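Residue numbers (the working numbering), protein chains in the order written: chain B, 1 to 111; chain D, 1001 to 1112. All residues carry an ideal CB built from backbone N, CA and C; glycine is no exception. Fair warning: this is a prediction, and the values are worked out from it, not measured in the lab. To keep things clear, I will list the structure first and then write my remarks on it.
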Amino acid sequence: GNSVTQMEGPVTLSEEAFLTINCTYTATGYPSLFWYVQYPGEGLQLLLKATKADDKGSNKGFEATYRKETTSFHLEKGSVQVSDSAVYFCAFSWGRRALTFGSGTRLQVQP
Amino acid sequence: DAGITQSPRYKITETGRQVTLMCHQTWSHSYMFWYRQDLGHGLRLIYYSAAADITDKGEVPDGYVVSRSKTENFPLTLESATRSQTSVYFCASGSTSVYEQYFGPGTRLTVT
């Protein structure tokens, strides 16, 4: 069935380190792909999206490219900050527009 | 300018009681959704609605009831709460033109 697999956390990095959070999906057709971020005690916020193959979503220094051939949508950032500490969710939307989420990856950035 | 709001933000209830979680959005979005968030499971879809008076089950609908008589409101009712329904509940909405969703702040529900 449809599913999203994310790397398990927590991911602990020092400030200014490079970040990669892996995400792969299993879905029929060509879904839209998303990264959402959840800061402590808050709801989810859309971070970036891509709606077709080879699209690159970007926001706040984060990037992810829709790779149809590998069914992946890895999140990257060149230099993380303490303020990036949060839980990151990969998700895709298809058909009825509901989202299927991965289990989330907690990122901890140390000063 | 409120966007999407949920109430209450925190709720403690006893097993067997009925409880209703409220969700209100000001964008006139057609789609509304209820998810629950549990450790290790990410978010799972409970119910969704494509428009007023149109609702459908998601991945984990058992024990929940929804209604949508007005576009802006989408209440979720636990008819007889169980401990396994202790969770954080998120409401979300989305328009017909794009696939992304916008989330409320969540309701933390504890069933004792």
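| task | Confirm, please, whether the CB-CB distance from alanine 64 of chain B to phenylalanine 73 of chain B is below 8 Å. | result | yes
| message | Please return the same chain residues whose Cβ sits closer than 7 Å to the Cβ of lysine 48 of chain B, not counting the five positions on each side in sequence. | response | It should be noted that the sequence gives leucine, not lysine, for residue 48 of chain B. Cβ neighbours of leucine 48 of chain B beyond the five flanking positions: Trp35, Gly57, Ser58, Asn59, Phe62, Ala64.
| query | Got a sec? Which residues, its chain only, sit under 7 Å from alanine 17 of chain B by beta carbon, not counting five neighbours each side? | reply | Val80
| Within 10 angstroms of its Cβ, does glycine 1094 of chain D collect 16 or more other Cβ (buried), or is it exposed? | buried
| Of all the residues that make up the region 1039-1073 of chain D, which are near chain B by a beta-carbon distance shorter than 8 Å? | Gly1040, His1041, Gly1042, Leu1043, Arg1044, Leu1045, Tyr1048, Ala1050, Asp1056, Gly1058
| message | Tell me the rounded alpha-carbon separation between arginine 1009 of chain D and threonine 1107 of chain D. | response | 4 Å
| query | Would you call the region 97-110 of chain B and the region 1029-1041 of chain D touching, i.e. three or more CB-CB distances under 8 Å? | reply | yes
| Selection of the region 14-45 of chain B by Cβ proximity to chain D, strictly under 7 Å | Ser32, Phe34, Glu42, Gly43, Leu44
| Of all the options D/Thr1026, D/Thr1077, D/Gln1101, which has the alpha carbon lying nearest to the alpha carbon of phenylalanine 1033 of chain D? | D/Gln1101
| request: Would you mind sorting lysine 1070 of chain D into buried or exposed? The rule is 16 or more other CB atoms within 10 Å of its CB. | output: exposed
| Taking the C-alpha atoms as reference points, what is the distance between glycine 1016 of chain D and threonine 1112 of chain D? | 10 Å
| Classification of tyrosine 39 of chain B by the beta-carbon crowding that lies within 10 angstroms, buried from 16 upward | exposed
| Any Cβ of chain D within less than 8 Å of the Cβ of leucine 99 of chain B? | yes
| query | Can you tell me whether DSSP reads arginine 1083 of chain D as helix, strand or coil? | reply | helix
| Is it the case that the Cβ atoms of aspartate 55 of chain B and tyrosine 66 of chain B are separated by a distance below 8 Å? | yes
| If we cut at 8 Å on Cβ distances, does glycine 104 of chain B have a partner in chain D? | yes
| Can a CB atom of chain B be found closer than 8 Å to the CB of glycine 1016 of chain D? | no
| field | Residue interval of the beta strand (DSSP E) (run including glutamine 81 of chain B) | value | That residue, glutamine 81 of chain B, is in no beta strand (DSSP E); it is neither H nor E in DSSP.
| Reference glutamate 1072 of chain D, options D/Asp1053, D/His1029, D/Ile1054, closest by Cα | D/His1029
| From the beta carbon of phenylalanine 89 of chain B, is the nearest beta carbon of chain D less than 8 Å away? | yes
| field | CB contact check: glutamine 1101 of chain D to chain B, cutoff 8 Å | value | yes
| request: Go through its chain and collect everything with a Cβ distance to arginine 1083 of chain D's Cβ below 7 Å, but skip five positions before and after it. | output: Thr1015, Val1111
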